[in-house]
Amino acid sequence: MFIDESYINNLLNEAKNTKKEEIDEVLIKAKERKGLNHQDIAKLLMVTNKDQIEEIYKIAGDIKKSIYGNRIVIFAPLYVSNFCVNNCTYCGYRRDNSIVRRKLSQEEVADEAKLLIDMGHKRIALEIGEDPVNCSIDYVLECINTIYNTYHKGQHIRRINVNIAATTVENYRKLKDIGIGTYILFQETYHRPTYENVHPKSIKGNFDYHTLSFDRAMEAGLEDVGGGALFGLYDSKFEVLSLMIHNEHLEEKFGVGFHTISVPRLKKAEGMDLSNFPHIIDDEEFKRIVAIIRIAVPFTGIILSTRESEEMRHELLKYGVSQISAGSCTGVGGYKEGENHTEQFEVSDHRTPDEILLYLIENGYIPSYCTACYRMGRTGDRFMSLAKSGNIQNVCHPNALLTLMEYAMDFSNPNLTKKAEELIKIEIDKIQRDDIKKIATDGIENIKNGKRDIYL
Ligand code: SAM
Ligand code: SF4
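So our numbering is basically just the index in the sequence shown, starting at one, shifted up by 6.
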């Protein structure tokens, strides 16, 4: 197993006595983008000096700007079933909770997809509890088919990222064949004893099987995988180092690491009490961790959900987050039924996509609904090499503008449409390459004239 608890504990123990000057050296290395080793990351995780923390934020912000520009990718989760045979102590859907269990019929899945389309979404994360009987892989595949084939007002969901429990190579192959975006699975915690403790007597309780799921997914040909840890279950420093080690393991074995890393923080849920979790992290530590992840893996997207408040999300956009959810509901059938259902956990940012987009535009970001990469075959190492060479900018930036224009034409209010059009004009003027500028300008004109789904 590539996660070695004593190795990580040693790294953290040795880093405890790091002198201020040594941290300065790591910060210079980070600033010069020289690549950080495990010891360097462990040292950064120990920083308490205010100026050095500010420097971490600054470096993370600079890295983010140079790689991702000012684009923020938007998505929404879709929960189709809350049946679950597991008993994760932190989750509202665990089997011991006596909540109403249901899974959506295909008609209901299509209804939810239409509502998401109406909100302007093009990319979703499909979320499902684990239940091989009530919610088999065939049901998951059926839902994916239904969602991809649901057209509403001439639009459809173009990318489905899938967050289902660890499964077999055979099942991952089925996900690959049906054409999913990223396969997402949170490790929850990389600390084996804690993992076993919070996953009592359940399929999910097998640490090795869970931790090796991306190996199986990649063996099955799923090239884009998204990791994450549920911050609050165990020592966050241990989790960050483990995430880095997991990423390296995948890079070494398969030539490509995480496509994305999610940074969920433990939230209140039905039947659980946050006071039973001693490793909850405060906002300051959370911010530092996200910034350090940004520095450690510059080319990996960082996903932040509506678990976090509006304020925290705004803050973290500056230091590293590149994808956010908008208008989310974490209950089964929740987009249609509103409040009348049990959520998996409490959501903090309740703004509509329109409100979130307005904030982004007014604060210099470009909201992007782009889903082009996996549709153009830019996955795995092809995506990473394009990202590392900086050429990705030539497709992501125009694609962001084209998808924003679609949103402005089809789903937004007049004020937002006006602001979006102003932003698009300014951003097109900034494009340096004449050929790209022409493609973007023509594309925007075509969208205004009724064409849709134009991408590079
Ligand atoms: N059931 C699958 C699984 O557990 O891997 C699919 C994902 S589950 C629907 C989505 C994620 O929600 C879990 O991986 C977990 O990290 C997160 N989650 C569960 N309870 C939570 C809570 N109370 N606060 C924040 N996130 C939570
Ligand atoms: Fe089930 Fe996933 Fe919740 Fe665990 S986290 S109880 S596996 S839905």
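For each residue, glycine too, the CB sits at the ideal point set by N, CA and C. On a predicted model such as this, the values are computed, not experimentally measured, just so you know.
Does at least one heavy atom of the ligand SF4 sit under 7 Å from the Cβ of Arg271? No.
key: heavy atom of the ligand SF4 below 7 Å from Tyr99 C-beta   = yes
What are the residues that DSSP puts in a beta bridge with Gly133? According to the sequence as given, residue 133 is Glu; it is not Gly. Beta-bridge pairing links Glu133 to Tyr85, Asn169.
### Task
Pull up the distance between the alpha-carbon of Gln193 and that of Phe8, whole angstroms please.
14 Å
Would Ile475 and Lys436 be called neighbours here (beta carbons separated by less than 8 Å)?
Residue 475 lies beyond the stretch modelled for the chain, which goes from 7 to 462, so this question has no answer here.
What's the call for Glu428, buried or exposed, on a 16-neighbour Cβ count within 10 Å? exposed
Discussion item. Buried or exposed for Gly383, going by 16 or more other Cβ atoms inside 10 Å?
Written reply: With fewer than 16 other CB atoms across the displayed protein chains lying within 10 angstroms of its CB, Gly383 is exposed.
What's the call for Asn92, buried or exposed, on a 16-neighbour Cβ count within 10 Å?
It counts as buried.
message: Just list the residues that DSSP pairs Pro199 with in beta bridges.
response: Note: Pro199 sits in no beta bridge, so no partner.
| query | Quick one: Cα of Ser311 to Cα of Ser331, how far? | reply | 5 Å
For this session: Just confirm the distance between the C-beta atoms of Phe389 and Cys379, as a whole number of angstroms; I'd bet it's less than 8 Å.
Result: 6 Å
**Asked** Is it a yes or a no for the segment 210-218 touching the segment 279-293, going by three-plus beta-carbon pairs under 8 Å?
**Response** no
Q: Give a single yes or no on whether Tyr96 has its beta carbon closer than 7 Å to a heavy atom of the ligand SAM.
A: Yes, since a heavy atom of the ligand SAM falls inside the 7 Å radius drawn around the Cβ of Tyr96.
message = Quick check on the burial criterion: 16 or more other C-beta atoms within 10 angstroms. Buried or exposed for His252?
response = buried
Review point. Which residues in the same chain have their Cβ closer than 8 Å to the Cβ of Asn419, if we skip the five residues on either side of it in sequence?
Key: Only Asp360 meet the Cβ criterion.
* Can you tell me whether Asn405 is buried or exposed, with buried defined as 16 or more other CB within 10 angstroms of its CB? -> buried
If we ignore side chains and look at the alpha-carbon of each, how far apart do Asp441 and Ile434 end up?
12 Å
When Ile14, Glu136, Ile59 are compared against Tyr85, the one with the closest alpha-carbon
Glu136
For Ile372, list the residues DSSP reports as bridge partners. Arg77
### Query
Beta-carbon separation of Asp355 and Ser315 under 8 Å?
yes
Review point. Taking three-plus beta-carbon pairs below 8 Å as touching, is the segment 98-111 in contact with the segment 268-283?
Key: yes
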